[in-house]
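Below: one structure, written as structure tokens.
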Amino acid sequence: CGFEPVYGTGGSAEGLRGSILVDEPTTQDSFNLVAQLEKRLGRAQAPVYGMSVTLKVEEKGLAISGSNDITRYNVLGIAVYVLRNLGSDEQVYKGTVNTFTAYSASAQPVATLAAKRDASERLMTALADKITTDLLINSGKF
Amino acid sequence: QQQAVETASLVADSVVFASGTQELRASGNVEILQNGVRLRAQSISYNGATDTLVVTGPIYIIDKTDTLIVADFAQLSGDLRDGVLKSARVVYARQLQVAAAEIRRTEGRYTQFYKTIASSCHICESDPVPLWEIRSKRVVHDATERQIYFDEATLRVLGVPVFYTPYLRLPDPSVKRSNGFLFPELRSNGDLGVGLRTPYFFTLGDHADLTLTPWVTSKGARTLEARYRQKFAKGEIELNGAVTDDNVSNLDARSYLFADGTFALGRGFTGKFDVELVSDPGYLLLYGYSDKDILDSAISVDRARRDEYIGAELIHYKSLRDGDDNRTLPTLVGDATYIKRFSPSSLGGIATLTAQTHGHYRRADADPTSAGLSRDVVRISTSAEWRRDWLWSNGMMVAAEGAIFIDGYKIRQPRANPTLAFDDTVEVTPYAAIEWRWPMLRQGARANHLLEPVVQLVLSKNSVSGEVDNEDSLLVEFDEANIFEFSRAPGVDNRELGNRLNLGLTYTRESHSGWKLGLTVGRILRRDDLNQFSNSTGLTGSKSDWLVAAQLKVGESFDLINRAIFDDEFSFARNEMRMGWTTDTFQLASTFAWLEADVAEGRPTDTSELAFEGAYRVSRHWTLSSELRYDFVNDRTTEAGLGISYQNECAKMDLSVSRRFTTSTSVSPTTDLSLSVQLAGFGARGIGGGSFARQCNG
Amino acid sequence: QGASVAFGGLKHDASQPVEITADELTVDQATGSAVFTGNVVAGQGEMRLSAGRVQVQYATENGQATGRIDQLVATGNVTLVNGAEAAEAEKAVYSVGGAQIVMTGNVILTQGINALSGEKLTVDLTSGSGRMEGRVRTIFQTGGNK
Chain A
1 CGFEPVYGTG GSAEGLRGSI LVDEPTTQDS FNLVAQLEKR LGRAQAPVYG
51 MSVTLKVEEK GLAISGSNDI TRYNVLGIAV YVLRNLGSDE QVYKGTVNTF
101 TAYSASAQPV ATLAAKRDAS ERLMTALADK ITTDLLINSG KF
Chain B
1001 QQQAVETASL VADSVVFASG TQELRASGNV EILQNGVRLR AQSISYNGAT
1051 DTLVVTGPIY IIDKTDTLIV ADFAQLSGDL RDGVLKSARV VYARQLQVAA
1101 AEIRRTEGRY TQFYKTIASS CHICESDPVP LWEIRSKRVV HDATERQIYF
1151 DEATLRVLGV PVFYTPYLRL PDPSVKRSNG FLFPELRSNG DLGVGLRTPY
1201 FFTLGDHADL TLTPWVTSKG ARTLEARYRQ KFAKGEIELN GAVTDDNVSN
1251 LDARSYLFAD GTFALGRGFT GKFDVELVSD PGYLLLYGYS DKDILDSAIS
1301 VDRARRDEYI GAELIHYKSL RDGDDNRTLP TLVGDATYIK RFSPSSLGGI
1351 ATLTAQTHGH YRRADADPTS AGLSRDVVRI STSAEWRRDW LWSNGMMVAA
1401 EGAIFIDGYK IRQPRANPTL AFDDTVEVTP YAAIEWRWPM LRQGARANHL
1451 LEPVVQLVLS KNSVSGEVDN EDSLLVEFDE ANIFEFSRAP GVDNRELGNR
1501 LNLGLTYTRE SHSGWKLGLT VGRILRRDDL NQFSNSTGLT GSKSDWLVAA
1551 QLKVGESFDL INRAIFDDEF SFARNEMRMG WTTDTFQLAS TFAWLEADVA
1601 EGRPTDTSEL AFEGAYRVSR HWTLSSELRY DFVNDRTTEA GLGISYQNEC
1651 AKMDLSVSRR FTTSTSVSPT TDLSLSVQLA GFGARGIGGG SFARQCNG
Chain C
2001 QGASVAFGGL KHDASQPVEI TADELTVDQA TGSAVFTGNV VAGQGEMRLS
2051 AGRVQVQYAT ENGQATGRID QLVATGNVTL VNGAEAAEAE KAVYSVGGAQ
2101 IVMTGNVILT QGINALSGEK LTVDLTSGSG RMEGRVRTIF QTGGNK
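Keeping their order, the protein sequence lines are chains A, B and C.
Position 140 (the first sequence) corresponds to 140 in this note's numbering; numbering is contiguous.
Numbering-wise, this note's numbering comes out as the position in the second sequence, counting from 1, plus 1000.
Numbering-wise, this note's numbering comes out as the position in the third sequence, counting from 1, plus 2000.
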């Protein structure tokens, strides 16, 4: 049916695993993003490509209750990533992915704080997964 | 004072010179360039003895500061900086035009205009009256201070005089920062009455500024708002605050302070602080400063490197919610985390070691109802996680994972009732997992398709110890990011146990015409239900609800994300949608959130809210905007608003009315109206939007 | 005293005798003209006109050459120098009788550090005034006398 394993021999992403060195993280968000990217794309052994990721994270309150309490938050994330050839420093591919994770807010600060932090970590996991998918689906291009 | 001798270059169709008179007369497309000043005219005559130029027009003078002077006749100094111009027009930064019968330039610095009209609006032959203009007897522009001083100025709107002032000072368009009034805003609010906010901006040196905004309302509320900002070599701070004397509350003075700052502390560490104080709960919302319902002042330090993260944070909470008692809520929460990632040479793969301490403190010392109202907790958690992936030649990926989490709890003032004590304890939680993944790609003619099935078998302890009081894992989410996490609980107190099979399938279609569709389906199959989660999470039962998450993107203009959790009978536990659609004539953003009622999550009734905000550019200058937030469960509008704005190249007017319907002991429903007018051409921060500029038709 | 920008320095008494030296001279009695070629220098008082070739037209009265020079036509990188003022061009026609010089072709007139360039320069030697035409370009000094 036309599908063939992307990582298999002859697949367009053959050899991609372990060939990408993601730039050094600077914040807790980018630390989690790099960790998930290394999990999905392999830790760079002999990197051919470098990848820079620009993150933009924003939190929006919604589900306002009758007494004006914010009971739900969406954490929105946009990641613009640029793949470059480490040798020539030339841009090879550029992609933009975005998504959101959500968490509830209750009267319990400890519960809400843990939910908020988990939502940020999940957002980085989701963005890293979407970057990986975007790379695989476009792996024919580089 | 001997001025520097400068050379000027001149080009003309013809030049005539006469002996003994040191005169040069050039005519025909004359152009003079002299240290950055360019003059174009029909003819000039230059007298070397008196070093003056007599220029006949039409004259165009453009100088280095992007200022254009147009005149019919002029007598200028040799260096083109001083002199008199007749029936001239000066255009500053291609925006602000000042026309005058006569312009006198002196000392290369001052430009004095007599009988002037100043405006930045385009004037068309068919309709010569500009939207606004300032007529004044005399105007002086000081090129060094970059300020414009008006004497006896009248502001006219559509030719009608609306405002007179004997003296007015405005910054010229090249100024980025200058002391002075910012544009006023008219605000009216159901509870506070009508008032005019007139902000005044102080530049305090190059690295700090202060904005003071007095605001008096018709119902006697007198407020002074302040914003102070300062940048340091290694950091910056911003303080926002206000003090109010009103008769709405019984307090004699109401106030709030929000201060935050970020500093680079050296060796890669970043320090942040955030202080949030308010005098009484309703103040922030009533005066529109913030809709936060819980204040969190925090101080934190952290550093992130490729394989190491160090972070510590101390937060103080103060709830503004009705019915919250800040003594029995954990209002002091502290965390410190150290994470190390490396690739163990013997085992390969990636190992992650984590050490974390957490503590939270409740001021209350008594817990009569044994509900944990005085509980203080200190927890130390250490964990080791390891994962290794193998890639087979057929493109299959198999991964082995292992982890062990050790959590030690020290409780102070546990619940009095011994059966519910949840006292000191140590929890050890091991996991082992095998993950199988086989991503497939089809590069079709019209689109590329990626299909990625994932199956993960997880083994773990099969019984819940029940020794730990669940405080940090009460709000659980199930989404495409944690299908393959060992524990879907957000915190530590209720780590997910039991053997299970995590199934996930992601299908992505990217058409060559710019359509992108992403679909993820997930489900958890458990050997036995340890009943760790409440039903609204969709994770209950031996077979979890279906998780379906979809994203549809069309180029850069349309983006819809929907995430739903429903069981086999299609009864939804959760359904959330975010949609954004922008074209060059309209923008629409909408969110929908449906959450099943769940007392454990502090949600006694279902949540079902639709919200949207839209803006539609009706014509070149007019834009309508509206916003609505509707609560289906209580069948009531929470918030609604309408806005209209007019913008052209020289002015921007925004009129908006919004009504908030929520009520609480400290806040009643109120309607808020705001009108603000901005004139372009003064100060560098223009109103932007070239596409709004007026065009003369015909 | 202001930076002088006068180009009137070519003022000159055109009635003085003209002395011409050159490598070679050929005379044509019939037309009453003489052609000097090779490093030709025509001197008249302070003024010097040098060129590659100068053709001299003598004034004629009722058909007889009178020995007085009516017109000099100089071609081949012509330079005209008079005191501090100098002019260069491809061709110059000096009508001695009319006390007027017309220089054409890449004309550059310099006076001290001031310079004037154009396509055609017409100078009236008695008054010293001149007209430069044809996309005239000049560099001149301003300021200096405040």
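Ideal Cβ placement from N, Cα and C applies to all residues, glycine included.
Quick caveat, the model's predicted, so the values are computed rather than measured.
If you count every other CB in all the chains shown that lies within 10 Å of the CB of residue i, and 16 or more means buried, which is it?
i, result
"B/T1583", "exposed"
"B/F1113", "buried"
"B/W1594", "buried"
"B/A1611", "buried"
"B/K1234", "exposed"
"B/K1231", "exposed"
"B/I1434", "exposed"
"B/A1445", "exposed"
"B/G1036", "exposed"
Any beta carbon of chain B sitting closer than 7 angstroms to that of residue i?
i, result
"C/T2152", "Look at the range of chain C in this structure, 2001 to 2146, and you will see that residue 2152 of chain C is not part of it."
"A/E24", "yes"
"A/T133", "yes"
"A/M51", "no"
"C/E2133", "yes"
"C/R2137", "yes"
"A/S19", "no"
"C/S2015", "no"
"A/A107", "yes"
"C/G2130", "yes"
"A/Y81", "no"
"C/N2145", "Summary for C/N2145: the model assigns pLDDT 43, below 50, so the residue's position carries little reliability; its value from the coordinates is reported in the next sentence. With 7 angstroms as the cut-off, C/N2145 counts as an interface residue toward chain B."
Check the DSSP bridge columns for residue i and list the partner residues they point to.
i, result
"A/N32", "In DSSP, A/N32 forms no bridge with anything."
"B/D1389", "B/A1399"
"C/G2118", "C/V2107"
"B/M1440", "A/P5, B/L1451"
"B/G1271", "B/F1263, B/V1301"
"C/Q2044", "C/M2047"
"B/T1203", "B/D1209"
"B/I1711", "The structure shown does not extend to residue 1711 of chain B, since chain B spans only 1001 to 1698, so no value can be given for it."
"B/H1316", "B/S1297, B/L1332"
"B/A1041", "B/V1030"
"C/Q2100", "C/S2095, C/D2124"
Does residue i come within less than 7 angstroms of chain C when only Cβ atoms are used?
i, result
"B/T1106", "no"
"B/R1187", "no"
"B/Q1695", "no"
"B/S1136", "no"
"B/A1041", "no"
"B/F1017", "yes"
"B/L1224", "no"
So, is the C-beta of residue i closer than 7 angstroms to a C-beta in chain A?
i, result
"B/M1440", "yes"
"B/G1395", "yes"
"B/R1306", "yes"
"B/P1344", "no"
"B/L1539", "no"
"B/D1325", "no"
"B/T1607", "yes"
"B/Q1443", "yes"
"B/D985", "Given that chain B is displayed from residue 1001 to residue 1698, the structure contains no residue 985 of chain B and the question cannot be resolved."
The region 1629-1641 of chain B / the region 61-68 of chain A touching (three or more Cβ pairs under 8 angstroms):
Under the 8 angstroms Cβ criterion, the region 1629-1641 of chain B counts as touching the region 61-68 of chain A, having at least three qualifying pairs.
Take every Cβ of the region 84-95 of chain A, pair it with every Cβ of the region 1467-1477 of chain B, and state whether three or more of those distances are shorter than 8 angstroms.
Judged by Cβ distances under 8 angstroms, the region 84-95 of chain A makes no contact with the region 1467-1477 of chain B, as fewer than three pairs qualify.
Can you check the region 1161-1200 of chain B for any beta strand (DSSP E) of at least 3 residues that lies completely inside it and give the ranges in chain order?
Within the region 1161-1200 of chain B, the complete beta strand (DSSP E) runs of at least 3 residues are 1185-1189, 1193-1197.
Every unbroken beta strand (DSSP E) within the region 1598-1649 of chain B, with a cutoff of 3 residues, ordered by chain:
When DSSP assignments are scanned along the region 1598-1649 of chain B, the uninterrupted stretches of beta strand (DSSP E) that are 3 or more residues long and fall wholly within it turn out to be 1607-1617, 1622-1631, 1636-1647.
Quick check: the region 121-133 of chain A against the region 1311-1321 of chain B, are at least 3 beta-carbon pairs closer than 8 angstroms?
No: the two stretches stay apart, fewer than three of their Cβ pairs being nearer than 8 angstroms.
Does the count of Cβ pairs from the region 102-120 of chain A and the region 1323-1330 of chain B closer than 8 angstroms reach three?
Counting Cβ pairs under 8 angstroms, three or more are found: they touch.
Would you call the region 1434-1443 of chain B and the region 1396-1411 of chain B touching, i.e. three or more CB-CB distances under 8 angstroms?
Yes: the two stretches touch, three or more of their Cβ pairs being nearer than 8 angstroms.
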